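Colleague: Dropping a structure here in structure tokens format, bear with me for questions.
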Amino acid sequence: MTDNKTVRTRMAPSPTGEYHVGHIATLLKNYAFAKKHGGKFVLRIEDTDRVRYTEGAVDKILQVIRDYGLDWDEGPDKGGPFAPYTQSERLDIYQEKAQELIKKNQAYYCFCSKERLEEVRDQQRANKQPPKYDRHCLNLSQKDVETKLAAGESFVIRLRVPDDKQIKFTDLLRGEITVNSNEVDDQVLVKSDGFPTYHLAVVTDDHLMKISHILRGEEWISSTPKHALLYQAFGWQPPIYAHIPVFLNPDGKGKMSKRKGTVSAQSFLDQGYLPEAMLNFFMILGWAPDDQREILSLDEYVGEFDPENISTKSVVFDFKKLRWMNGVYIRKLNFSQLKQRIKPFLPNDFPKEKLDLILPLVQERLETLAQLEELTQFFYRDIELDRDTLLKKTDQETVLEQLDKTQESLSSLTKWSVESVEKAIRSLQEDNNWEKGQYFMMLRLAVTGRKISPPLFETIHALGLEITRERLAKAHQLVA
RNA sequence: GGCCCCAUCGUCUAUCGGCUAGGACACCAGGUUUUCAUCCUGGUAAGCAGGGUUCGAUUCCCUGUGGGGUCACCA
Numbered sequence: 358m359t360d361n362k363t364v365r366t367r368m369a370p371s372p373t374g375e376y377h378v379g380h381i382a383t384l385l386k387n388y389a390f391a392k393k394h395g396g397k398f399v400l401r402i403e404d405t406d407r408v409r410y411t412e413g414a415v416d417k418i419l420q421v422i423r424d425y426g427l428d429w430d431e432g433p434d435k436g437g438p439f440a441p442y443t444q445s446e447r448l449d450i451y452q453e454k455a456q457e458l459i460k461k462n463q464a465y466y467c468f469c470s471k472e473r474l475e476e477v478r479d480q481q482r483a484n485k486q487p488p489k490y491d492r493h494c495l496n497l498s499q500k501d502v503e504t505k506l507a508a509g510e511s512f513v514i515r516l517r518v519p520d521d522k523q524i525k526f527t528d529l530l531r532g533e534i535t536v537n538s539n540e541v542d543d544q545v546l547v548k549s550d551g552f553p554t555y556h557l558a559v560v561t562d563d564h565l566m567k568i569s570h571i572l573r574g575e576e577w578i579s580s581t582p583k584h585a586l587l588y589q590a591f592g593w594q595p596p597i598y599a600h601i602p603v604f605l606n607p608d609g610k611g612k613m614s615k616r617k618g619t620v621s622a623q624s625f626l627d628q629g630y631l632p633e634a635m636l637n638f639f640m641i642l643g644w645a646p647d648d649q650r651e652i653l654s655l656d657e658y659v660g661e662f663d664p665e666n667i668s669t670k671s672v673v674f675d676f677k678k679l680r681w682m683n684g685v686y687i688r689k690l691n692f693s694q695l696k697q698r699i700k701p702f703l704p705n706d707f708p709k710e711k712l713d714l715i716l717p718l719v720q721e722r723l724e725t726l727a728q729l730e731e732l733t734q735f736f737y738r739d740i741e742l743d744r745d746t747l748l749k750k751t752d753q754e755t756v757l758e759q760l761d762k763t764q765e766s767l768s769s770l771t772k773w774s775v776e777s778v779e780k781a782i783r784s785l786q787e788d789n790n791w792e793k794g795q796y797f798m799m800l801r802l803a804v805t806g807r808k809i810s811p812p813l814f815e816t817i818h819a820l821g822l823e824i825t826r827e828r829l830a831k832a833h834q835l836v837a
């Protein structure tokens, strides 16, 4: 399994936009693996794409990771032995490494314009060949290169990929993977703006930061040969890879994407999913503990997680199971926890003074916190009544009698409690020999405007005598 | 299309050569109940296909099929 060498894992977000749920799921695995082995989990910001760089994205990413209940040992805000942890602050390192490769003849200058590259690719596609750099600049003479550099021509630095070599690397889940080097493009390592590409930056940083295990998305498998080549070129020991399957859209078609629905990590929180439920959901998506438990705390997960047991097939993101799991976690909350968690989801017109009365009535009915409004609005907003529905299963006369007697009886209560309300209504039903189902449902409708509600007596109690009387009166008016 | 990866109920999984193929979500039925929800009970539902290897294959190998990923001066 894992030797005594210190385990160091990392997650390397790119501040180009919203943080994806898949990123959190991957981060969780890196976090858990490091914690399990008493190692360190590093957060590094990969902001080498100046074009897509989004202002404020770094802070948002850091915040959402924390909101999910996760944290890191070293990172841009905390520093650490290998600081800085933001790639744009490490430019000189990449430059130096690129020069090293050029000196070793493992990389070369390329002065091709983007237009030319585009043309080459178009041509290749037209000939049904895989698009690949044609190595136009591979054999430029030293002198040519110096002349062009002196003239200030724009350039990039490319990796010199050997011809027809078997490139091998090991994936913890899949075993050895072999790719012929002819399939690998002469990857750009340094862009014309002087920034490194992901490939150069990730390899040098992972090495310099002594990252031992890389758990990353499966979509990276195809670029791992490039990284393997770089480790070779530098003469470095590569880390251990574990490529984690991607999330598929709920319809099972394609990688989970924005176009098919919600993907941002933040949006799930905004919809009232609890972070611990989200994490738990990520835990069991593609992995199961020995005893097949599905409800796991973060600590339990850290103790039992083994990346070697991650399923190798891409998994469908099952919203139904997520909602179920979220419901489980909502029900597990004690009252003060729920009260705290529900705060951001309270509508402005929610009567705060009744929170203690109402909240317990809906807790076991919530699958997300955001459903609170839908489930409770009849308590504090006007309701709509439908005459026909009120009259269902009986006649006008009976309903009017029921409404009046109920109002009368409730009004005369000396003590307003769930028990007294229940007692009053139950004895009315028995004394008058009303059909229970009809009477209770009619009352429910009159008082909540809905066929579905929390239990009647609790609801009436929470509503209070005043509102209850108003609504009964209104129902009377409507039916009469 | 090239290359790479993958393949058990609709979905997520267990099984690491012996299976009457187990669990969870979803679904259906029943119970509890004033509705819904919770809770309890039960049920329907799977080994992609064809070849091998083996006393025996879901499990190992090959081929096909299907799905996914990737082919940028993005990560």
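If you count by the working numbering, then the first sequence holds residues 358 to 837, one letter each, in order.
By construction, the Cβ of each residue, glycine as well, lies at the ideal position given by its N, Cα and C atoms.
Small disclaimer: the values here were computed from a predicted structure and weren't measured.
(1) How long is the line joining the alpha carbons of D563 and Q594, rounded to whole angstroms?
(2) Who are the Cβ neighbours of A414 in its own chain at under 6 angstroms, not counting the five residues just before and after it?
(3) Assess, as a yes-or-no matter, whether the segment 457 to 470 is touched by the segment 647 to 665 under the definition of 3 or more beta carbon pairs within less than 8 angstroms.
(4) Answer yes if the segment 766 to 781 comes into contact with the segment 798 to 810, meaning at least three C-beta pairs across the two stretches below 8 angstroms, and no otherwise.
(5) Cβ of W773 within 7 angstroms of Cβ of L822?
(6) Cα separation between T363 and P553?
(7) What residue range does the beta strand (DSSP E) around M799 cover?
(8) I think A622 touches V775, with their Cβ atoms under 8 angstroms apart; what is that distance to the nearest whole Å?
(9) Mark Q480 as exposed unless 16 or more other C-beta atoms lie within 10 angstroms of its C-beta, in which case mark it buried.
(10) Should E446 be labelled buried (16 or more other beta-carbon atoms within 10 Å of its own) or exposed?
(11) Do three or more CB pairs link the segment 476 to 494 to the segment 520 to 528 at distances below 8 angstroms?
(12) Restricting to Cα atoms, I'd like to know which of D416, F390, H584 and A391 is closest to P370.
(13) What does the alpha-carbon distance come out to for the pair L400 and V502?
(14) I believe T366 touches A382 by the beta-carbon criterion, under 8 angstroms. Please report the beta-carbon distance rounded to the nearest angstrom.
(15) What residues match up with D745 in a beta bridge as DSSP calls it?
(16) I think T725 touches N683, with their Cβ atoms under 8 angstroms apart; what is that distance to the nearest whole Å?
(17) Looking at the structure shown, is V775 part of a helix, part of a strand, or coil, going by DSSP?
(18) Starting from the C-beta of V477, find all residues in its chain whose C-beta is less than 7 angstroms away, skip the five residues before and the five after it, and write them out in chain order.
(19) Return yes when the C-beta of L626 is under 6 angstroms from any heavy atom of the ligand GDP, and no when it is not.
(20) Taking only three categories from DSSP, how would you classify R367?
(21) Between D521 and S538, what straight-line distance do the alpha-carbon atoms span, to the nearest angstrom?
(22) Looking only at its own chain, which residues have a Cβ that is under 6 angstroms from the Cβ of S693, when we skip the five neighbours before and after it?
(23) Taking Y588 and R517 to be in contact with their CB atoms under 8 angstroms, please state how far apart those CB atoms are, rounded to whole angstroms.
(24) Residues in the same chain with beta-carbon distance under 7 angstroms from Q628, minus the five sequence neighbours each way, listed in chain order, please.
(25) Give a yes or no on contact between the segment 745 to 762 and the segment 783 to 799, applying the rule of three or more CB pairs nearer than 8 angstroms.
(26) In whole angstroms, what separates the C-alpha of K762 from that of S624?
(27) Taking only runs that begin and end inside the segment 604 to 634, name each unbroken alpha helix (DSSP H) of 4 or more residues, in chain order.
(28) Using 7 angstroms as the threshold, is the C-beta distance between R688 and E730 below it?
(29) Quick one: residues in its chain with C-beta nearer than 7 angstroms to the C-beta of V349, no 5 flanking neighbours on either side, listed in chain order?
(30) Would you be able to state if there are at least three C-beta pairs under 8 angstroms between the segment 563 to 574 and the segment 705 to 716?
(31) Looking at the secondary structure, which residues open and close the beta strand (DSSP E) in which Y598 lies?
(32) Relative to the C-alpha of A585, which residue among D406, Y598, N606 and R423 is closest?
(33) Please check the pair L653 and P646, which I expect to be a contact at CB under 8 angstroms, by giving their CB distance rounded to whole angstroms.
(34) What residues match up with F526 in a beta bridge as DSSP calls it?
(35) According to DSSP, is P553 part of a helix, a strand, or is it coil?
(36) If you reduce the DSSP assignment to three classes, tell me which class K505 lands in.
Modeller: On the basis of the supplied data:
(1) By one-based count along the first sequence, residue 563 stands at place 206. By one-based count along the first sequence, residue 594 stands at place 237. When rounded, the distance between both Cα atoms is 11 angstroms.
(2) As a working note, residue 414 is residue 57 in the first sequence. Closer than 6 angstroms at Cβ, skipping near neighbours: P372.
(3) no
(4) no
(5) Taking the first residue of the first sequence as 1, we reach residue 773 at position 416. Taking the first residue of the first sequence as 1, we reach residue 822 at position 465. Yes; because the gap between Cβ atoms is below 7 angstroms, this pair is in contact.
(6) What you label residue 363 is simply residue 6 of the first sequence in a count that begins at 1. What you label residue 553 is simply residue 196 of the first sequence in a count that begins at 1. Rounded to the nearest angstrom, the two C-alpha atoms are 28 angstroms apart.
(7) To locate residue 799, count along the first sequence from 1; it is residue 442. Looking at the DSSP string, M799 is not in any beta strand (DSSP E); the run it does join, the alpha helix (DSSP H), is K793 to T805.
(8) Against the first sequence, residue 622 aligns to sequence position 265. Against the first sequence, residue 775 aligns to sequence position 418. About 41 angstroms separates the two Cβ atoms, so there is no contact after all.
(9) For the purposes of this step, residue 480 is taken as the residue at position 123 of the first sequence. Its Cβ having fewer than 16 others within 10 Å, Q480 is exposed.
(10) In the first sequence, counting from the first residue as 1, residue 446 sits at position 89. Flag for E446 reads exposed.
(11) no
(12) Taking the first residue of the first sequence as position 1, residue 370 is located at position 13. If you compare the alpha carbons of D416, F390, H584 and A391 with that of P370, the shortest gap goes to D416.
(13) Sequence index remark: in the first sequence, residue 400 carries index 43 (1-based). Sequence index remark: in the first sequence, residue 502 carries index 145 (1-based). Cα to Cα, the separation comes out at about 38 angstroms.
(14) Against the first sequence, residue 366 aligns to sequence position 9. Against the first sequence, residue 382 aligns to sequence position 25. With 8 angstroms as the limit, T366 and A382 do not qualify as a contact, their Cβ atoms being about 14 angstroms apart.
(15) Taking the first residue of the first sequence as position 1, residue 745 is located at position 388. Paired residues: none, contrary to the question.
(16) Counting from one through the first sequence, the residue named residue 725 turns up at place 368. Counting from one through the first sequence, the residue named residue 683 turns up at place 326. Right, the Cβ-Cβ distance comes to about 6 angstroms (below 8 angstroms), so this counts as a contact.
(17) One-based indexing of the first sequence puts residue 775 at position 418. V775 falls in the helix class under three-state DSSP.
(18) The residue labelled residue 477 in the question sits at position 120 within the first sequence. Here the set comprises D491.
(19) Because no ligand of any kind appears in the structure shown, any question about the ligand GDP cannot be addressed here.
(20) Here residue 367 is taken as the residue at index 10 of the first sequence, counted from 1. Secondary structure at R367: strand, using DSSP grouped into helix, strand and coil.
(21) Against the first sequence, residue 521 aligns to sequence position 164. Against the first sequence, residue 538 aligns to sequence position 181. Each residue's alpha carbon lies about 5 angstroms from the other.
(22) Locating residue 693 in the first sequence gives position 336, where the first residue counts as 1. None.
(23) Position 231 of the first sequence, counted from the first residue, corresponds to residue 588. Position 160 of the first sequence, counted from the first residue, corresponds to residue 517. Not quite, the Cβ-Cβ distance comes to about 15 angstroms (not below 8 angstroms), so this is no contact.
(24) Against the first sequence, residue 628 aligns to sequence position 271. Excluding sequence positions up to five before and after Q628, its CB lies within less than 7 angstroms of the CB of T725 and A727, all in the same chain and listed in chain order.
(25) yes
(26) As a position in the first sequence, residue 762 is number 405, starting the count at 1. As a position in the first sequence, residue 624 is number 267, starting the count at 1. Spanning the two alpha carbons is a distance of roughly 49 angstroms.
(27) 622 to 627
(28) For the purposes of this step, residue 688 is taken as residue 331 along the first sequence, with counting starting at 1. For the purposes of this step, residue 730 is taken as residue 373 along the first sequence, with counting starting at 1. Result no, Cβ atoms of R688 and E730 do not sit closer than 7 angstroms.
(29) Any answer about residue 349 is impossible in this case: the structure gives the chain only from 358 up to 837.
(30) no
(31) Position 241 of the first sequence holds residue 598. It spans I597 to I601 - the beta strand (DSSP E) in which Y598 sits, taken as one unbroken run.
(32) In the first sequence, residue 585 corresponds to position 228, counting from 1. Checked all of D406, Y598, N606 and R423; the closest Cα to A585 is Y598.
(33) Locating residue 653 in the first sequence gives position 296, where the first residue counts as 1. Locating residue 646 in the first sequence gives position 289, where the first residue counts as 1. Indeed, because the Cβ distance is near 7 angstroms, the residues count as touching under 8 angstroms.
(34) The sequence position of residue 526 within the first sequence is 169, counting from 1. I534, per the DSSP bridge assignment.
(35) Indexing the first sequence from 1 puts residue 553 at position 196. Strand at P553.
(36) Counted from its first residue, the first sequence places residue 505 at position 148. It is helical.
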